[in-house]
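First the structure, in the form of structure tokens, and then the observations on it.
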Amino acid sequence: MPKCKNLDNKYAVVTGASKGLGYEYCKELLRLGYNLIGIARNTESLEILKKEYSNRDIQRWDYDLSVFENNKKIVDKCIGYEIDIFINNAGYGVWGFFSESDIDREMNMIDLNIKSLHYLTKKMIQRFSEKNFGRVINVGSMASFTPAPVFASYYASKAYVFSLGVAVNTELKKMKSKVRVITVCPGPLKTDFWNRSSNQKNAKYKSSIKVMKTSVYAKKSLKIAIKTKNKNYVVTGLSNKFIKKITKWVPMSWTLNSVYNYQRKRK
Ligand SMILES: NC(=O)c1ccc[n+]([C@@H]2O[C@H](COP(=O)([O-])OP(=O)(O)OC[C@H]3O[C@@H](n4cnc5c(N)ncnc54)[C@H](OP(=O)(O)O)[C@@H]3O)[C@@H](O)[C@H]2O)c1
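Counting from 1, one number per residue, gives the positions in the sequence shown under the UniProt record's numbering.
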């Protein structure tokens, strides 16, 4: 087992812990020495980590976070644990032309990407403020920075995540609080995200943009998100930083055309 700091009874919570980026965050947090509460609709995959980190408490909480009541249950259940980090990572997209995409899937995505994240962020910030310590890490996206024809509602949901997190983190800094809400903004990662977002099983991942390894992204982004005092959000990787810069300077119509051409060809 990898060496780690002794964080005794400290816990980190990760939503969307069963696979993809969330699973990599779980591995990284265990490596750093935290006990873990992993949440997803099916957390069976965490059994592997339980075997690997047998001296750590790893809780598997199976909940569908798009069902609002479940978020309340989670907050209540968290009361018994010494939590320092809460990562709102669970999320997915609904790809397609807005006039054609499935409204029920979009509403469910909003319940997960926005409503659940909003509620859990507020409740954890209130709890962390009592001890003046703790971090909520919200998973936004490079999609937070621009509207996206052909993937409109997903990008809009990530713009919400970014806007909320940056504003709340600024409030906390102004209040001289040690509590933080850090928004991490990954570029494309090779996970199951695209299968669900395109509503196709085993959809081939297509991207003309260089993709960072999910484990590398988890390690890099977590390191910054845990430590930073002043940053509101984290963008890592040269191409992501370049895209972020360029969208600030080029006309909006150019960005919209580029995103349209990129997203339209993805299926
Ligand atoms: N992949 C990318 O290119 C990319 C880029 C930027 C940002 N992101 C963001 O990164 C985050 C993680 O995505 P990923 O790429 O790792 O996708 P993923 O591999 O599909 O993982 C999504 C995770 O969320 C969980 N989840 C989905 N619906 C849920 C629900 N209703 N309730 C509870 N848990 C739920 C899934 O577990 P269950 O299915 O067991 O519930 C899974 O653990 C998302 O917020 C996504 O928007 C991804």
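We put the CB at the ideal spot given by N, CA and C, even for glycine.
Looking at the strands, I want to know which residues DSSP matches up with T15. I39
DSSP on R135, reduced to helix/strand/coil? strand
Below 8 angstroms between beta carbons: does that hold for V13 and I39? yes
Return no unless some Cβ of chain B is closer than 8 angstroms to the Cβ of L172. Within the model displayed, chain B is absent; a lone protein chain is all it includes.
Buried or exposed: which applies to M1, given that a residue is buried once 16 or more other Cβ atoms fall within 10 Å of its Cβ? Below a pLDDT of 50, predicted positions are generally treated as unreliable, and M1, at 40, falls in that range; the measurement from the model is reported next regardless. That one is exposed.
Where do the N-terminal and C-terminal ends of the alpha helix (DSSP H) with T214 fall, by residue? 214 to 227
Rounded to whole angstroms, how far is the Cβ of R135 from the Cβ of I58, which I believe are closer than 8 angstroms? Incorrect: roughly 20 angstroms between the Cβ atoms, too far for contact.
To the nearest angstrom, how far is the alpha carbon of A143 from that of S45? Whole-angstrom Cα-Cα distance: 28 angstroms.
When we look at the beta-carbon of E100 and count the other beta-carbons within 10 Å, is it buried (16 or more) or exposed? Under this definition E100 is an exposed residue.
Go ahead and pull the three-state DSSP assignment for T236. coil
Please name the residue, chosen from K131, T228, K27, that lies closest to T214 on a Cα-to-Cα basis. K27
Looking at the strands, I want to know which residues DSSP matches up with N89. Partner(s): none; N89 has no beta bridge.
Span separating the alpha-carbon of N70 from that of L256: The alpha-carbon separation between N70 and L256 amounts to approximately 37 angstroms.
Apart from the five residues on each side of it in sequence, which residues of its chain come closer than 6 angstroms, Cβ to Cβ, to Y160? I114
Ligand 1 heavy atom lying under 7 angstroms from the CB of Y92: Yes - ligand 1 has a heavy atom lying nearer than 7 angstroms to the Cβ of Y92.
Just tell me which of R41, L36, V75 has its CA closest to the CA of R56. L36
Report the three-state DSSP secondary structure of I58 (helix, strand or coil). strand
Any heavy atom of ligand 1 closer than 7 angstroms to the Cβ of S18? yes
Check this for me: beta carbons of S163 and D111, under 8 angstroms apart or not? no
Terminal residues of the beta strand (DSSP E) in which R264 lies: Taken as a continuous stretch (DSSP letters only), R264 belongs to no beta strand (DSSP E), being part of the alpha helix (DSSP H) at 252 to 264.
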